[in-house]
Amino acid sequence: MTEADAGGPRDGTATSPGGALASKNDSVQSLVRGLAVIRAFDVEHPALTLSDVARRAGITRAAAGRFLRTLEQLGYVRADGRDFSLTPRVLELGFSYLSALSIPEVVQPHLERLSREVDESVSAAVLDGGDIVYIARVPTRRIMSVRITIGTRFPAFATSMGRVLLAALPEPDLDAALAASAHPSLTERTVTDEAALRAEIGRVRDQGWALVDGELEPGLRSVAVPVRDRRGAVVAAVNVSTSATRDTVEHLEAQHLPRLLRTAEAIDAELRLV
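Numbering (the UniProt record's numbering), first residue to last: 1 to 274.
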């Protein structure tokens with residue numbers, strides 16, 4: 001019996017759980033737009049109006065309204081007057097990935113120990129396109145204008161962890177990662193010229209660590225090193241962050257970097273057992 005004889009899907013249609021037939025392309029575009037609505041919210045934009053969502057997601061107000069109502073019915077969005085915001089339930093979408101990854105639970109105790117040693121905020125992140133995404137963190141004091149949480153994203157090119165992760169990529173993947181996002185001047189110290197940025201990434205690759213001084217935000221200094229899995233592949237980065245008023249670049253290199261390298265080695269050893 002053929003698929004047509006059996007009454008199954010054919011020629012670009014698919015049967016939904018409700019039994020309705022929909023175009024595969026329409027279904028894919030609906031998923032893309034729905035994810036764009038979720039991604040419209042971030043640390044700097046926790047609450048958005050319907051117009052804000054439509055503009056940030058690049059869709060019409062009517063479409064944004066339909067997606068927001070659906071997400072509200074599913075429990076992922078709440079409405080408060082004219083404003084919409086994500087609910088904690090949206091974390092379910094990311095936790096399945098993080099739990100399967102197993103890196104956060106391996107890294108966290110090592111970060112806690114390192115933070116006690118250096119009395120500074122320490123973090124771990126992975127690369128996603130042109131961004132880093134925080135997967136573990138131990139904050140000691142607020143050193144940025146935005147609050148950093150698990151899932152926070154920053155442009156990789158302007159961060160110490162990002163440069164460590166970019167330096168580990170094969171050349172074609174590095175090209176794609178650098179092309180995935182713009183390189184705006186975030187501060188007066190941000191390296192935005194692509195040739196200079198590639199030269200800095202090459203230096204990070206050679207020395208095995210990265211130090212960024214005031215390029216993501218004025219007064220923020222951080223040093224980062226890679227984390228490797230059992231195959232030796234770089235799967236994450238860890239860093240120590242501080243403020244220019246608390247630590248000099250020389251102190252970061254002389255005191256924090258050796259401890260950070262030892263922490264990464266301990267994490268590597270544990271990941272080889274996972």
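Every residue gets a Cβ at the ideal spot worked out from N, C-alpha and C, and that includes glycine. Everything numeric in this text was worked out from a predicted model, so none of it was measured.
Item to check | Start and end residues, alpha helix (DSSP H) containing Ile59 | outcome: Counting along the chain, Ile59 falls outside any alpha helix (DSSP H), and DSSP gives it neither H nor E.
Item to check | Residue environment, Gly7, which counts as buried when at least 16 other CB atoms sit within 10 Å | outcome: At Gly7, the pLDDT of 37 sits below 50, so the modelled position is not reliable and the matter cannot be decided from this model.
Checklist entry - Helix, strand or coil: how does DSSP classify Val223 here? => result Strand at Val223.
Checklist entry - Which residues bound the alpha helix (DSSP H) around Thr263? => result Looking at the DSSP string, the run of the alpha helix (DSSP H) that includes Thr263 is Leu257 to Leu271.
Item to check | Residue closest to Asn162, alpha-carbon to alpha-carbon, out of Val146, Ser185 and Glu200 | outcome: Reading off the sequence, residue 162 comes out as Gly, not Asn. Comparing alpha-carbon positions, the option among Val146, Ser185 and Glu200 lying closest to Gly162 turns out to be Glu200.
Item to check | C-beta neighbour in chain B for Leu252, strict 8 Å | outcome: Absent from the structure: chain B. Only one protein chain is present.
Next on the checklist: Which residue marks the beginning of the beta strand (DSSP E) containing Val106, and which one marks its end?
Outcome noted: Segment Ile103 to Val118 is the alpha helix (DSSP H) holding Val106; no beta strand (DSSP E) there.
Checklist entry - What residue does the alpha helix (DSSP H) around Ser85 start on, and which one ends it? => result Unbroken run through Ser85 is the beta strand (DSSP E), Asp83 to Leu86; no alpha helix (DSSP H).
Item to check | Continuous alpha helix (DSSP H) stretch holding Ala199: start and end | outcome: Going by DSSP, Ala199 is part of the alpha helix (DSSP H) stretching over Glu194 to Gln207.
Item to check | Residues bridged to Leu178 [DSSP beta-bridge criterion] | outcome: Beta-bridge pairing by DSSP links Leu178 to no other residue.
Checklist entry - Closest by CA to Ala79, which one among Thr192, Gly65 and Ala254? => result Residue Gly65 is the option with its Cα nearest to Ala79.
Item to check | At least three beta-carbon pairs within less than 8 Å, the stretch 226-234 to the stretch 188-197 | outcome: The way I'd put it, the stretch 226-234 doesn't touch the stretch 188-197; fewer than three beta-carbon pairs between them come closer than 8 Å.
Checklist entry - How many angstroms separate the CA atom of Ile132 from the CA atom of Thr87? => result If I take the Cα positions, the gap works out to 23 Å.
Next on the checklist: Run through the DSSP bridge pairs and tell me what Asp42 is partnered with.
Outcome noted: Answer by DSSP bridge pairing, in chain order: His45.
Checklist entry - Hey, how far is the Cα of Glu217 from the Cα of Ala47? => result The alpha-carbon separation between Glu217 and Ala47 amounts to approximately 23 Å.
Checklist entry - Nearest CA to the CA of Ala124: which residue from Val37, Pro109, Gly130 and Ala177? => result If we check each option's Cα against that of Ala124, Pro109 comes out closest.
Checklist entry - Is it a yes or a no for the stretch 178-189 touching the stretch 243-257, going by three-plus beta-carbon pairs under 8 Å? => result The stretch 178-189 makes no contact with the stretch 243-257: fewer than 3 CB pairs, one atom from each, lie closer than 8 Å.
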